[in-house]
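Chains as they are written, first to last, in our numbering: chain A, 9 to 422; chain B, 9 to 422. Let me begin by presenting the structure, written as C-alpha cells, before commenting on it.
2 protein chains.
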Amino acid sequence: MTQLEIQGHAAKTAARALATAGTTQKNAALAAISASLRANTDKILAANAKDMNAARAGDMRESLLDRLELTAERIEGIAVGVDEIIALPDPIGHVENYSTRPNGLQIGRRRVPLGVIAFIYEARPNVTVDAAALCLKSGNAVILRGGKEAFNSNLVFVELMREAVASAGLSADVISLVMDTTRNSVNEILNLTGIVDLLIPRGGAGLINHVCENAKVPVVQTGVGNCHVYVEKTADLKMAADIIFNAKCSRPSVCNAAETLLVDREIAAEFLPMAKALLDAKNTELRCCDESHKILTGAKTATEEDWATEFGDYILAVKCVGGLDEALEHIAKYTTGHSEAIVTESYTASQRFLDEVDAAAVYVNASTRFTDGGVFGLGAEIGISTQKMHARGPMGLEQLTSGKYIILGSGQVR
Amino acid sequence: MTQLEIQGHAAKTAARALATAGTTQKNAALAAISASLRANTDKILAANAKDMNAARAGDMRESLLDRLELTAERIEGIAVGVDEIIALPDPIGHVENYSTRPNGLQIGRRRVPLGVIAFIYEARPNVTVDAAALCLKSGNAVILRGGKEAFNSNLVFVELMREAVASAGLSADVISLVMDTTRNSVNEILNLTGIVDLLIPRGGAGLINHVCENAKVPVVQTGVGNCHVYVEKTADLKMAADIIFNAKCSRPSVCNAAETLLVDREIAAEFLPMAKALLDAKNTELRCCDESHKILTGAKTATEEDWATEFGDYILAVKCVGGLDEALEHIAKYTTGHSEAIVTESYTASQRFLDEVDAAAVYVNASTRFTDGGVFGLGAEIGISTQKMHARGPMGLEQLTSGKYIILGSGQVR
C-alpha cells in the first residue's frame with residue numbers, strides 16, 4: 009500500500025467509530041480544537057511565517073499572499089468559526105418519515121455520515137480548520153490535501169487538531185493531512201475508490217475541471233460562478249444600478265460576484281450611464297457588445313470569450329438584449345449554474361425568470377452576492393455546489409450526510 | 009455532431025420545456041401512453057415476437073427468454089404501472105423551507121427536474137416504459153439505451169410513447185431510444201457531459217462496474233446486492249429459519265435476496281439443520297465454512313470468493329461467527345451496501361446492528377426482500393441505489409429531482 013492508501017484506511021477505520029459518536033463528544037472535540045488554536049497562536053504564526061517567507065521569496069502575487077497570511081486576529085476568527093459550528097444542530101441520527109407500514113414493519117430513513125471526505129484546496133490555511141470542523145460535526149473523517157504554499161501552516165493546524173480530537177476520546181485519524189503536495193497526490197486521491205466517499209475540490213477552474221474529469225470517486229463540483237444580472241425594461245433603474253454595482257464590486261474575487269450585465273435595449277441608453285457612474289468608483293473595466301458600446305463609447309469591446317469568463321476582478325461584460333427570451337437564451341448558453349438575477353417590476357417576467365433559469369440560486373431584485381450558507385440559513389458552508397446531484401447551492405452540514413433506511417420487524421417475510 | 013449528440017441536444021431542448029409543464033399536462037401524456045399501449049397490444053406483441061424468435065435462434069437461456077417475453081397480460085401490467093405513476097404526487101414545484109430572512113429576502117428551495125436522464129439497461133422491455141413514465145412524471149427527458157435483444161420491442165414502445173406525448177402537447181423528444189445497440193453507444197453516453205444530467209445503469213455487475221468506472225457524466229450506482237442475514241444467538245430460531253428461507257428463496261435472482269447466512273457458533277448446531285430443512289424445499293445449494301460444514305456434513309465447502317459473490321440463484325454461503333463483532337466485521341468487508349438483516353431478541357444487538365452496519369437498508373427481524381420502493385412507501389421505483397451520494401436505497405420520483413434556491417427581494421444588496 010502507498011502512504012496515502014495507509015492514511016485512507018486509517019481514516020476509514022476512524023470514520024466507522026466516529027459515525028456513532030454522540031453530539032456531546034463531537035462538540036467536546038470541537039471545543040478542544042478552538043481552545044488549542046487560541047492557546048497555540050504563537051506556534052501557528054511561526055509556522056505561517058515560514059510559508060510567508062517562502063512565498064515572498066517565490067514572488068507570490070499580493071492578493072495570494074493576503075490569502076495565505078495568518079494574524080492573531082485571523083486565528084481568533086478561525087477559532088470563533090469552530091465555536092459557531094459547535095452551536096449548529098447535529099444532523100446525524102435524525103430519522104425522517106418514520107412510520108409503520110401496512111405489514112407492521114416500522115421503516116424510517118436515518119441521517120448518517122458519508123464516511124471519509126477528501127478535500128483538495130489551494131493556498132488558504134483557514135480552509136484546513138473550517139473543513140475539518142464541519143466534517144467532524146457531521147461525523148465524517150477528513151483527508152486534507154492543501155496547497156504546498158500553505159504546507160507549514162496546514163501541518164501545525166492538523167497536528168493541533170489531531171491532539172485535540174484525541175483528547176476528547178476520538179481517534180486522531182478522523183483528521184489527517186496529505187504530506188505530498190505535488191500533483192501526484194491529487195491524482196492518487198481521484199482514484200481512492202472504496203475509501204473516499206466524497207471528494208470536494210476548492211480552487212480555480214483548472215483544478216476543479218481536472219478533478220471532475222478524472223475522478224473515479226464521487227465528487228461535488230463547487231464554486232465556478234459565471235453569474236449574470238439582467239435588467240429588464242420595467243426595472244427600477246436606481247435599484248438595478250445599486251444591484252449591479254454590489255454584485256460586481258462588493259467582492260469581485262468570489263464566485264457569487266456578477267460577470268455579465270444584460271440590459272434591455274429599450275432602457276439601455278438611460279440605464280447604462282447610471283450603472284457606469286457607480287461602477288467607475290472602483291474603476292470597473294466594461295467590455296461591451298456593439299450596441300452597448302455605442303452608449304458607453306469609451307469602453308472596451310467584448311469578445312466571444314468574455315461572455316464565458318469568470319473575471320474574478322473589476323471587469324464586467326455588458327450586452328444589450330431584445331427582451332426576456334433573449335436574456336434567458338444568453339444565460340442558458342453561458343451560465344455555470346451558480347447564481348442568476350433579474351431586476352424587474354414585471355410580475356410575469358419575474359415568474360418566468362424563476363421558472364426557466366437553471367441555476368443553484370435564482371434571484372429577483374437582489375444581488376447575486378447573497379448566495380452563501382450563512383445567508384441561506386444553513387450555518388457554516390463547506391462550498392457552493394454548482395451541480396444538480398446530491399447537493400446544489402451552499403453546502404452545510406446536511407449536505408455532508410447520507411441516509412440509511414432502518415427497518416424494525418417482528419419476523420415479517422415477503 | 010454524432011447521431012447521439014443530435015439526439016442529446018433534442019432531449020435537452022425538450023427537457024427545458026418539460027421542466028415547466030404542469031402536473032395536469034404530464035398526467036395527460038401518461039394517460040395517453042397507457043391508452044396507446046392497450047390499443048396497440050397486437051403491434052407490440054408482433055414486435056416482441058421478432059425479438060423472441062431471434063433470441064431463441066441465438067440459444068438464449070430460458071430465464072432470459074422469460075424476461076424478454078411480452079404477453080397481453082404483461083402489457084396490461086405495464087399499462088397499469090403507468091396508471092399508478094399518474095396517481096403518484098408530483099414532486100416538482102414543491103418549495104422547502106420557504107422563509108423570510110432577517111434582511112427581508114424570501115428564500116426557499118424549489119424542487120426541479122434534473123434535466124436529461126439516460127438509462128442503460130439489458131433485456132427487459134418493460135423497463136423501457138417504466139423508466140420513461142417515471143422520468144416524464146418527474147419532468148425529465150429520457151434517453152433509453154436498451155439491450156439489442158429487445159430492440160424491436162423497445163422501438164415500438166418508444167414510437168407509441170412519443171406519439172402519445174406529442175398528442176398531449178409536449179415535445180416527442182422528451183422520450184427517445186438509442187438506435188445503436190453496440191457497446192459504442194454505451195461509451196458515447198458515458199461521455200455526454202453537458203447533456204446527460206444523470207445516468208442510471210441497470211443490469212449485471214459487469215455493466216454497472218464498466219459504467220461507474222468510465223462515466224464522465226453523473227451516475228447513480230444501482231442494484232448490486234451481496235446481502236447477509238445474521239442469526240444472533242438470542243434469535244427466535246423458527247423466525248430466523250423463515251426469514252433466511254424467504255430472503256434466499258422467494259426470488260433468488262433479485263438484488264435484495266440474501267447470499268450469505270451468518271450464524272452464531274453457540275446456536276449453529278441447533279439452527280443450521282432447521283434452516284436446511286426449509287432451504288431443501290428449493291434444493292438450495294449450501295456452501296459452508298469449515299465449522300458449519302461439520303454440522304451440515306453433506307454440503308459443499310465455501311471458497312473465499314463465495315463470500316463476495318451475488319449468486320442470484322438457489323445458492324447460499326454459510327458461516328459460523330463468534331458473535332456480533334465478528335458478524336459486523338464480515339459484513340463490513342463483503343457488503344455491497346444494499347440490504348443487511350439481523351435476527352435477534354437482544355435489544356443491544358439490534359441497536360448496534362442498526363447503528364454500525366453501513367448499507368442502504370438495515371433490518372431487524374425481517375427479510376431483506378422488503379427493500380423496494382413500493383414497500384417503503386415511495387410508489388414506483390426506478391432502481392435501488394447502493395451509493396451514498398444523492399440517493400440511497402429505492403429511488404422514487406423525488407430521487408429524480410434536484411433543488412434550486414429561489415430568492416425574492418426588494419432591492420437588497422450586501
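Ideal placement from N, C-alpha and C gives every residue a C-beta, glycine not left out.
- prompt: Which class does Ala349(A) belong to by DSSP, given the choice of helix, strand or coil?
  reply: Shown here, Ala349(A) sits in a strand according to DSSP, grouped into three states.
message: Can you confirm whether the stretch 51 to 70 of chain B touches the stretch 174 to 194 of chain B when touching is taken to mean that 3 or more C-beta pairs between the two stretches lie within less than 8 Å?
response: Segment contact: the stretch 174 to 194 of chain B against the stretch 51 to 70 of chain B, fewer than three CB-CB distances shorter than 8 Å; contact not assigned.
field: Where the stretch 329 to 357 of chain B meets chain A: residues whose CB sits under 8 Å from a CB there
entry: Answer in chain order: Ala340.
task: Specify the secondary structure class of Leu122(A) as computed by DSSP and reduced to three states.
output: The DSSP-derived three-state label of Leu122(A) is coil.
message: Can you tell me whether Lys224(A) is helix, strand or coil according to DSSP?
response: Lys224(A): coil per DSSP, three-state reduction.
Through-space distance from Gly411(A) to Gly345(A), alpha-carbon basis: The alpha-carbon of Gly345(A) is positioned some 26 Å away from that of Gly411(A).
query: What residues in its chain sit with their C-beta under 6 Å from that of Leu12(A), if we drop five residues either side in the sequence?
result: The residues are Glu196.
- prompt: Using the C-alpha atoms, what's the distance from Ser42(B) back to Glu84(B)?
  reply: In a straight line, the C-alpha of Glu84(B) is about 9 Å away from that of Ser42(B).
query: Using 8 Å as the Cβ pair cut-off and three pairs as the minimum, do the stretch 104 to 119 of chain A and the stretch 44 to 60 of chain A touch?
result: Output reads no: the stretch 44 to 60 of chain A does not touch the stretch 104 to 119 of chain A.
- request: Could you tell me if Ile14(A) is buried or exposed, where buried requires 16 or more neighbouring beta carbons within 10 angstroms of its beta carbon?
  value: The residue is exposed, with fewer than 16 neighbouring Cβ atoms inside 10 Å.
field: Straight-line Cα distance separating Ala126(B) from Thr136(B)
entry: Each residue's CA atom was taken as its position, placing Thr136(B) and Ala126(B) some 11 Å apart.
- prompt: Relative to chain B, which residues along the stretch 219 to 242 of chain A have a C-beta separation below 7 Å, given in chain order?
  reply: Within the stretch 219 to 242 of chain A, the qualifying residues are Glu221, Lys224 and Pro226.
task: Entirely within the stretch 67 to 116 of chain A and at least 3 residues each: give me those beta strand (DSSP E) ranges in chain order.
output: Segments of the beta strand (DSSP E) lying fully in the stretch 67 to 116 of chain A: 103 to 108.
task: Could you tell me whether the Cβ of Met397(A) comes closer than 7 Å to any Cβ of chain B?
output: Met397(A) counts as touching chain B.
task: State yes or no: is the C-beta of Ala243(A) within less than 7 Å of the C-beta of Val351(A)?
output: Going by C-beta atoms, Ala243(A) is nearer than 7 Å to Val351(A).
field: Own chain residues within Cβ distance below 7 Å of Leu38(A), not counting five before or after
entry: Apart from sequence neighbours up to five positions away, the residues of its chain that approach Leu38(A) with a beta-carbon distance below 7 Å are Val90, Ile93, Ile94, Ala141, Leu144 and Lys145, ordered along the chain.
- prompt: Would you call Lys246(B) buried or exposed, if buried means 16 or more other Cβ atoms sit within 10 Å of its Cβ?
  reply: Under a 10 Å Cβ-count criterion, Lys246(B) is classified as exposed, with fewer than 16 other Cβ atoms of the shown protein chains found around its own Cβ.
- request: State the start and end residues of the unbroken beta strand (DSSP E) segment that holds Tyr238(A).
  value: Where Tyr238(A) is concerned, the enclosing beta strand (DSSP E) stretches over Cys235 to Val239.
query: Under a CB-based cut-off of 7 Å, is Gln114(B) close to chain A?
result: Gln114(B) has a beta carbon lying at 7 Å or more from every beta carbon in chain A.
- prompt: Is it the case that the Cβ atoms of Val228(B) and Ile208(B) are separated by a distance below 7 Å?
  reply: In this structure, Ile208(B) lies closer than 7 Å to Val228(B) by Cβ.
message: Based on DSSP bridge pairs, tell me the residues matched to Pro402(A).
response: Looking at the DSSP output, Pro402(A) bridges to Ile392(A).
field: Cβ-based neighbour list, Asp321(A), same chain, cut-off 7 Å, excluding 5 preceding and 5 following
entry: Contacts found: Pro260.
query: Is Pro110(A) buried or exposed, if buried means 16 or more other CB atoms sit within 10 Å of its CB?
result: Classification for Pro110(A): exposed.
query: Taking C-alpha atoms, which residue in Leu304(A), Asp288(A) and Ile252(A) lies nearest to Ala277(A)?
result: For the options Leu304(A), Asp288(A) and Ile252(A), the alpha carbon positioned closest to that of Ala277(A) is the one of Leu304(A).
- request: With a cut-off of 8 Å on the beta carbons, I'd call Gly233(A) and Asn254(A) a contact; round off their distance for me.
  value: Gly233(A) to Asn254(A), Cβ: 15 Å. No contact.
query: Per DSSP, what kind of secondary structure is Ser258(A) in: helix, strand or coil?
result: Coil, per DSSP.
- prompt: Any residues in the stretch 75 to 96 of chain A with a beta carbon nearer than 7 Å to a beta carbon of chain B? Which ones, in chain order?
  reply: Under the 7 Å Cβ criterion, the stretch 75 to 96 of chain A contributes no residue.
- prompt: Relative to the alpha-carbon of Asp2(A), which residue among Glu406(A), Glu337(A) and Tyr238(A) has its alpha-carbon at the smallest distance?
  reply: As displayed, chain A neither begins before 9 nor continues past 422, which places residue 2(A) out of reach and without an answer.
Backbone secondary structure at Gln229(A) - three-state DSSP: Residue state, collapsed to three classes: coil.
message: Give me the subset of the stretch 193 to 211 of chain B whose CB atoms are less than 9 Å from a CB atom of chain D, sorted by chain position.
response: The question asks about chain D, but that chain is absent: this structure's protein chains are A and B.
- prompt: Taking a cut of 7 Å between CB atoms, which residues from the stretch 363 to 379 of chain A lie near chain B?
  reply: Against chain B - using a Cβ distance shorter than 7 Å - the residues of the stretch 363 to 379 of chain A are Asp363, Glu364, Ala367, Ala368, Ala369, Val370, Tyr371, Val372, Asn373, Ala374, Ser375, Arg377 and Phe378.
task: Take Leu215(B) as the anchor and find which of Tyr413(B), Val326(B), Ala131(B) and Ala80(B) has the nearest alpha-carbon.
output: It is Ala131(B).
- prompt: Residue range of the alpha helix (DSSP H) that Glu364(B) falls in?
  reply: Run containing Glu364(B): Tyr355 to Glu364, per the alpha helix (DSSP H) assignment.
- prompt: Which of the three DSSP states, helix, strand or coil, is assigned to Gly211(A)?
  reply: The three-state reading of DSSP puts Gly211(A) in coil, since its state is none of H, G, I, E or B.
Assumed close pair Cys235(B), Ala266(B) - CB separation to whole angstroms, cut-off 8 Å: About 5 Å separates the two Cβ atoms, so the contact holds.
message: According to DSSP, is Asn134(B) part of a helix, a strand, or is it coil?
response: Three-state result, Asn134(B): helix.
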